[in-house]
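Novice: Heads up, the first sequence is in this note's numbering, so the first residue is 102 and it goes up one at a time. Glycine residues also receive a C-beta, built at the ideal position from the N, C-alpha and C atoms. All of these numbers come straight from a predicted model, not from anything done at the bench. I'd like to ask some things about the structure below.
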Amino acid sequence: MSFYRELRAHFGHRKWWPADTRFEVCIGAILTQNTAWKNVAKAIERLKDASALDPLTIHRLSHEELADLIRPAGYFNVKAGRLKNFISHLVRSHEGNLEAFLSQPMESLREELLSIKGVGKETADSMLLYAAGKPIFVVDAYTKRVLHRHGLIDGRADYDTVQDLLHAELDPDVELYNDFHAQFVAVGHHCCKKKPRCELCPLRGFLPEFAQAMPDGPTNQT
DNA sequence: GACCAGGCACATC
DNA sequence: GATGTGCATGGT
């Protein structure tokens, strides 16, 4: 869709997610819940420095040790529990083998992820798209804010509504979903933060008239 | 010193 | 089912 083309032309390919391994993507997805990525990066760095960025090592750490390592990411007690929940599930159901866990079909994998306490829709979908390479669109605060600021969704639209809209508009293409979501984050950082429509916004052409055309418009041709 | 940042589970009505 | 609250650090 042209909305994506504008962003892509402005920001270039974003090459997401910022992580070296699939496991790091999963850990980052939990740590970034309601938290600035800068703080998450610090926490991940601390895990790396402690040689603790792998399932079995984290599984063996005490709650206190893990919480202390991820302290910079905030909510460290909550998140230590959530990381433990995720890894306990991985160890119990797949002997700690993340590749095996992620290689199952998307539907059952999503259901399994959502059954883990501390993994909600956004966290599950981030893991599905960016760690497992499944074609599912990640809806986060940036996605909603940018779409809302440009008149494409209602401000109170819930997760499923926004995701359904994107799925209906776009071909189920992992590369597209990957980079498109990253573009939302880029424009969210860049200029969609406080001002509804800033002068520099690469999407400034997409205002109400486009919004009206969106629901049933043929916007998914590349 | 407020206010915000790539959520989620749980309590309450 | 909708709405409110706790969780916490670090940057602006």
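Where does the unbroken alpha helix (DSSP H) through N198 begin, and where does it stop?
Specialist: Premise fails: N198 is in no alpha helix (DSSP H) and is neither H nor E.
Novice: In chain order, what residues of the same chain lie with their CB nearer than 6 Å to the CB of A144, ignoring the 5 residues before and after it?
Specialist: Counting only Cβ-Cβ distances below 6 Å, and skipping sequence neighbours, we find L132, I171, P173 and A174.
Novice: Within 10 Å of its beta-carbon, does S194 have 16 or more other beta-carbons around it, so buried, or fewer, so exposed?
Specialist: Classification of S194: exposed, given that the 10 Å Cβ count is below 16.
Novice: With a threshold of 8 Å, are at least 3 pairs of Cβ atoms found where one atom belongs to the segment 240–249 and the other to the segment 281–289?
Specialist: Contact between the segment 240–249 and the segment 281–289 is present, because at least three Cβ pairs lie under 8 Å.
Novice: How big is the Cα-Cα spacing for P119 and L203?
Specialist: Their Cα atoms are separated by approximately 19 Å.
Novice: What is the residue span of the alpha helix (DSSP H) that I237 lies within?
Specialist: Run containing I237: none; DSSP gives neither H nor E here.
Novice: Could you tell me how far apart the beta carbons of G182 and G219 are, in whole angstroms, since I believe they sit closer than 8 Å?
Specialist: Rounded, the Cβ-Cβ distance is 7 Å, consistent with contact.
Novice: Candidates A283, C127, E223 and I217: which alpha carbon is nearest V263's?
Specialist: Among A283, C127, E223 and I217, the Cα nearest to that of V263 belongs to E223.
Novice: Would you check if the distance between the CB atom of R115 and the CB atom of A232 is smaller than 9 Å?
Specialist: No, the pair does not count as a contact, with Cβ atoms beyond the cut-off.
Novice: CB-CB under 7 Å to E191, same chain, minus the five flanking residues each way: which ones, in chain order?
Specialist: Contrary to the premise, residue 191 reads as Leu rather than Glu in this sequence. Once the five neighbours on either side are set aside, the close Cβ partners of L191 are P156, G197, L199 and F202.
Novice: Output needed for L215: all residues of its chain with C-beta closer than 6 Å, excluding positions within five of it in sequence on either side, in chain order.
Specialist: These residues qualify, in order along the chain: A225.
Novice: If you count every other CB in all the chains shown that lies within 10 Å of the CB of D280, and 16 or more means buried, which is it?
Specialist: Result: buried.
Novice: Go ahead and pull the three-state DSSP assignment for R211.
Specialist: If DSSP states are grouped into helix, strand and coil, R211 belongs with the helices.
Novice: Considering only their Cβ atoms, is the gap separating N186 from I159 smaller than 9 Å?
Specialist: No, the Cβ-Cβ distance between I159 and N186 is not below 9 Å.
Novice: So is V179 buried or exposed if we call it buried at 16+ other beta carbons inside 10 Å?
Specialist: Exposed, since its Cβ has fewer than 16 Cβ neighbours within 10 Å.
Novice: Quick check on the burial criterion: 16 or more other C-beta atoms within 10 angstroms. Buried or exposed for A283?
Specialist: Burial call: buried.
Novice: Only counting runs of 4 or more residues, tell me where the alpha helix (DSSP H) segments fall wholly within the segment 139–176, in order along the chain.
Specialist: Here the runs fully enclosed are 156–161 and 164–170.
Novice: What do you reckon, are the CB atoms on M228 and V126 nearer than 9 Å?
Specialist: Contact: yes.
Novice: Would you check if the distance between the CB atom of P236 and the CB atom of P273 is smaller than 9 Å?
Specialist: Against a cut-off of 9 Å, the Cβ pair of P273 and P236 comes out as a contact.
Novice: Which word fits A168, buried or exposed, when buried means at least 16 other C-beta atoms lie within 10 angstroms of its C-beta?
Specialist: That one is buried.
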